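Enquirer: Sending over a structure as structure tokens; questions will come in a sec.
Numbering (my numbering), first residue to last: 192 to 507.
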């Protein structure tokens, strides 16, 4: 165990972990929303993330930018980021809508058992992933350099760059916006009502199908923003990258308390930090092992996760 490596790079490992964890958290929101309402895990959500990530890169390509392009000027950078974010959010929300309409709604109408939903979600995940693989010929796609990774300032000797600020800041803003939407809007009240008791909510005039569709759209929007941030941070995207990232995002949702929006944020940030600490202590080859080992250990002592409050019990 390399304690010297951990302590000497503690600050950088922390900031890097929080940055990666912010992406996990945004994707985890989709898992926790669907589970909170349907009590099912949407294992096709990783491909919803991939749809947004590819949509962002292809949007930049449409403007003539490739992996060798470097954009300068604050106005130009904000324009490209904003346009790509909108397109990515629409692409992911659209993909989530198709999954709900094609894979989930017919099964709900037939009162299918939970196992049927699970198998269908896995099948949809593989189908969408392979479709992107065929379209891209399984070659990596590169994103232009929009945000510089050069340090802007230092905090206690730890360099902070614009990519880290953008990723963490965007994740927090999106999380707050979703939390306010769920807790204060009329649709959000409907989501909480269906999550608590779908049949009673239907008797009170809540359109269950519309609410479930809105849940998929909201989760897809979060995943689309996460896809954009992943492109900005990693700058290389392959069709299969969503598999492991999706598993870690699901792990983050369980860590925080599946069905709890704020728990997804806490779980994502915690997971990102823990796996970076593990890479500093044991080596990068133990990074993924540590992420899932923490999940197992936590669930042994706290099965409901860190926060553990269901979406149906959330209050404005």
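For each residue, glycine too, the CB sits at the ideal point set by N, CA and C. Being a predicted model, the structure only gives us computed values, none of them experimental.
Using C-beta distances below 6 Å, list every residue in its chain close to residue 402, excluding the 5 sequence neighbours before and after it, in chain order.
Expert: Same-chain partners within the cutoff: 381, 382, 385.
Enquirer: With DSSP as the reference, identify every bridge partner of residue 333, one or two as the case may be.
Expert: Beta-bridge pairing links residue 333 to 427.
Enquirer: Regarding residue 432 and the ligand GTP, is the C-beta to nearest heavy atom distance less than 6 Å?
Expert: The ligand GTP is absent from the structure shown, which contains no ligands of any kind.
Enquirer: Quick one: measure Cβ to Cβ for residue 315 and residue 282, integer angstroms, because I've assumed they're closer than 8 Å.
Expert: Incorrect: roughly 16 Å between the Cβ atoms, too far for contact.
Enquirer: In chain order, what are the residue ranges of uninterrupted alpha helix (DSSP H) at least 4 long that sit wholly in the stretch 257-308?
Expert: You should have 265-290, 296-300.
Enquirer: Once you ignore the five residues that flank residue 491 on each side, which residues in its own chain have a CB closer than 8 Å to its CB?
Expert: Excluding residues within five positions, none has a Cβ falling inside 8 Å.
Enquirer: Among the residues of its own chain, which have a CB less than 6 Å from the CB of residue 268, if the five just before and after it don't count?
Expert: Result list for residue 268: 262, 337, in chain order.
Enquirer: Taking 7 Å as the cut-off, decide whether the C-beta atoms of residue 219 and residue 463 are in contact.
Expert: Cβ atoms of residue 219 and residue 463: not closer than 7 Å.
Enquirer: Would residue 415 and residue 318 be called neighbours here (beta carbons separated by less than 7 Å)?
Expert: For residue 415 and residue 318, no; Cβs fall outside 7 Å.
Enquirer: Counting only runs that start and end within the stretch 375-403, where is the beta strand (DSSP E) found for 3 or more residues in a row?
Expert: Fully enclosed beta strand (DSSP E) runs of 3 or longer: not present.
Enquirer: Take every Cβ of the stretch 235-255, pair it with every Cβ of the stretch 421-436, and state whether three or more of those distances are shorter than 8 Å.
Expert: At 8 Å Cβ cutoff, the stretches touch.
Enquirer: For the candidate residues 346, 482, 350, whose alpha-carbon lies nearest to that of residue 340?
Expert: Of the candidates 346, 482, 350, the one whose C-alpha sits nearest the C-alpha of residue 340 is 350.
Enquirer: Quick check on residue 445: does DSSP put it in helix, strand or coil?
Expert: Residue state, collapsed to three classes: helix.
Enquirer: Who are the Cβ neighbours of residue 235 in its own chain at under 6 Å, not counting the five residues just before and after it?
Expert: Closer than 6 Å at the Cβ level, and outside the excluded window around residue 235, lie 290, 312, 315, 316.
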